[in-house]
Structure formats: structure tokens, C-alpha cells
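See structure below.
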Amino acid sequence: MFLRGHMQNAYVTRDLDKAMEIVGERYGFERFDRFDPDMVVSTPHGDEPMVVRVASAWAGGLNIEIIEPVSGYVDHYATMLPADRADPTPRFHHVSLRRDDLADMRAEIARLGLPLAFEGPVAIREAIPSLVFVYLDARASLGHYVEYTWKSPEAWAFVGWPEGRPVW
Amino acid sequence: MVTIARGHYQNAYVTHDLDRAMQRAGDLLGIAEFIVFEPDMVLETPQGRREASVRAALGWSAGLQVELIEPVSGYVDHYLPFLPPDRRDPSPRFHHVGVRRDDIGAMRAEIARTGLPLAFEGSVPGLTFVYLDARETLGHYFEYVWASAEGWAGQGWPPDRPIS
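Going down the list, the protein sequences come from chains G and X.
Each residue of the first sequence is one higher than the one before, starting from 10 at the first, in the numbering used here.
Each residue of the second sequence is one higher than the one before, starting from 3 at the first, in the numbering used here.
Here it is as C-alpha cells:
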């Protein structure tokens, strides 16, 4: 795996509203894009429901994502949360890599041999442009997860990919 | 972060065992060769000057630089809480992000504006690094790095990698 296409550092939190407040105040985010996907994901144990609350924002060429696991198949998020349930501080969870060819992405993932955490969306309540995300468990080699994501051009625009930002 | 994450180029990790961490991360990330250095440093800290020794490795995986750090001795307290509890576990653990700056005066002014606590800072000819404690806001540290053009070239900055 190469980190070509690295575009995001992502965090988990126990309280998205407080995390946005903390990060927004300190680092000058005036607004986050908000999304509360209620979806079905594919896991090694079959299809599972998953509900999370998500905020994301761009800082230069880097996307910052903060995720609050809500219900369903969220153990892969929950394992990285602070032990103190009252602590809203974001904790690093994964890096995300952009891929523009879905078949190539799947072939690359197969070659890696990393355990699949989950992928999706198999189904999602909200109407969104076409996209695929695959979470791999890289904790043994990097200490965190790695997300591969393929998106249609409409979906990249939907997540606010900065105009002119090359893929490096 | 809209401002301060500008120039993000590095994700950095700590490990109990640099050699095994390089093996694991290098195999996964396609980093055939790391730049390994073992600095004995004198750091500026809020408590005054302190000596520190670490083993460190830098490698590029496409446009992202990965740094692995094994704390060895001295003022390494900021690294230790991120290490796995099991001392035999060499898996890297996320410690900080690094951002590039090319104007050291502007970098220092920007650091002052962040209001983040200083963890420590240090320099070698052609390179200055400043670690800020962002644990209460991001859960990890945040490093500003100024380097001369030769300093960036010396750590293998990819020629076609823009400064974001």
C-alpha cells in the first residue's frame, strides 16, 4: 500500500457537538459539513446496520473528519475512544486514501491482505452521490485503521474537494 | 487548523522498537528505505533546557512523510504516554502531525497565535522544529517545522509534491 491519495486524517469522539466546538474554536473552523448517515455496511460477519454522526472540514489540502459512533456495527470506532465516557476529545482513528478507479482499488486492497473492518454503504437512508468506502484494520502495522475511498466526481464535489487540489 | 494545518506533510508515530516498526510500516506502506537518524539533542522546554535522545526514521509514501520515533533517554516524556502498554509491542502509535513552514519568523508568530502549550523545541543547522501540545483539542501533538531548501531536500521532499 502506498499512501498516494492521502487526503484525510480522521478522528473519533464521544460527543460530536463538543468536539466540533473544541476543534472549531481552537483551529478556526467556521463551519463543518455535517452528515448523519444511517446505513448498512458489509462486514466479515455479514451486513450490519450502522449509525454515526460525522463532521468534516478542509484545512488546506487536508480533510479533517470527526466521527461519533451512535449505534449498530461501531466497535471499530469505539475501540479508539477515550476511556472516560465524559471526554469529548477527538482521538485519531484512520487515514483516508483517495482512489479514482474502483476496480484498481479493490485489486489493491486484495493484494494488501489487511483484515477488512467494514465497507459500504450497502444501503443508506440519505440520497448521496455514488461512493464506496473500505475500512481496513492496520492497527498491527500502523496502530490505526486505513480507509480506501472511491467516489464519483459528483461525490468528490459533495465532500468539498478543494478546486485544483492535486492527488499526491 | 484551517490555517495551522496548511502545509501538512507528515504523520508521525512512536514505537518501542524502531527497527521492527520500520519493517512493519515499511512493508505495508511501500517504503523501501528510511532515513534513520539518532540525535542526541538539547531541547528548549517550558522547564528549561533538557537533553533527549531518540532514534527516528523518515520515509515517504507517495506525498505523505511518515516519521517513526523510538524514545531512548532524557526528556522523552511527551512520547511515552502514546506507546503501547506492552513493551514488546513494536506497532507504531500515532503521535503528531507535522506542518511545513518556509518563513521562520512567520512560523513563530503563528505559533504564538495558536495559544497551544509548548511541549519542546529544538534545531539543527537548517531546520527548526516546535512541538505543541494539542492533546486537549486533537488528542495528539502538533509539530511545526521550518527548514531551509537544503533541509527539505535532505529529508527527501518529493520534487513534484506541492506545499498545500
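Every residue gets a Cβ at the ideal spot worked out from N, C-alpha and C, and that includes glycine.
Looking at the backbone, the Cα of E77(G) and that of P97(G) are separated by about 10 angstroms. The residue from D146(G), G70(G), E172(G) with its alpha-carbon nearest to that of L30(X) is D146(G). Beta-bridge partners of V83(G) (DSSP): none assigned. Within its own chain, the residues whose Cβ lies closer than 8 angstroms to the Cβ of A126(G), once the five positions on either side in sequence are excluded, are T52, H85, Y144, L145, D146, Y154, listed in chain order. Look at Y15(X): its C-beta is under 8 angstroms from a C-beta on chain G. Below the 8 angstroms Cβ cutoff, chain G contributes L12, R13, H15, W177 as neighbours of G65(X), in chain order. Residue burial annotation: R137(X) is buried, with at least 16 other C-beta atoms found within 10 angstroms of its C-beta. Closest by C-alpha distance to I6(X), out of V132(X), G153(X), D162(X), E152(X), is V132(X). Counting along the chain, W62(X) sits inside the beta strand (DSSP E) bounded by residues 50–63. In this chain, the beta strand (DSSP E) harbouring M48(G) covers 47–52.
Rounded to the nearest angstrom, the gap between the Cα atoms of M59(G) and G50(X) is 49 angstroms.
Excluding the 5 residues flanking it on each side, D42(X) has same chain C-beta neighbours closer than 6 angstroms at S55, in chain order. Residues of the segment 69–100 of chain G with a C-beta atom less than 7 angstroms from some C-beta of chain X are G69, G70, L71, I73, T98, P99, R100, listed in chain order. Closest option to D105(X), judged by alpha-carbon separation, among R89(X), Y146(X), P86(X), H97(X): Y146(X).
Counting other Cβ atoms within 10 Å of its Cβ, H54(G) stays below 16 and is therefore classed as exposed. Non-local C-beta neighbours of D24(G) in its own chain, meaning closer than 7 angstroms and more than five positions away in sequence, comprise E77, P97, ordered along the chain. Against chain X, the CB of R120(G) has no partner CB under 8 angstroms away; the residue lies outside that interface. Identification of chain X residues near G169(G) by a Cβ-Cβ cut-off of 7 angstroms yields none; the smallest Cβ-Cβ distance measures about 13 angstroms.
Residues are counted here when their Cβ sits less than 8 angstroms from a Cβ of chain G; for the segment 138–149 of chain X these are E138, T139, L140, G141, H142, given in chain order. With its beta carbon less than 8 angstroms from one in chain G, G32(X) belongs to the interface. The segment 59–110 of chain G contains, as complete alpha helix (DSSP H) runs of 4+ residues, the segments 84–87 (chain order).
For L123(G), no alpha helix (DSSP H) encloses it, and the DSSP letter there is neither H nor E. The CB of G9(X) comes closer than 8 angstroms to the CB of G69 in chain G, given here in chain order.
Residue pairing by DSSP places W159(G) opposite R108(G), V141(G) in a beta bridge. Below the 8 angstroms Cβ cutoff, chain X contributes R26, A27, D29, L30, S93, P94 as neighbours of S150(G), in chain order.
With a threshold of 8 angstroms between beta carbons, Y20(G) makes contact with chain X. Rounded to whole angstroms, the separation of the alpha carbons of H142(X) and R115(X) is 19 angstroms. In this structure, the CA atom of G117(X) is about 9 angstroms from the CA atom of L134(X).
Between S63(X) and L121(G), the beta carbon gap of about 13 angstroms keeps them out of contact (Cβ cut-off 8 angstroms). Taken in chain order, the whole alpha helix (DSSP H) runs of length 4 or more contained in the segment 19–43 of chain X are 20–31. In this structure, S105(G) keeps its C-beta atom at 8 angstroms or more from the C-beta atom of V168(G).
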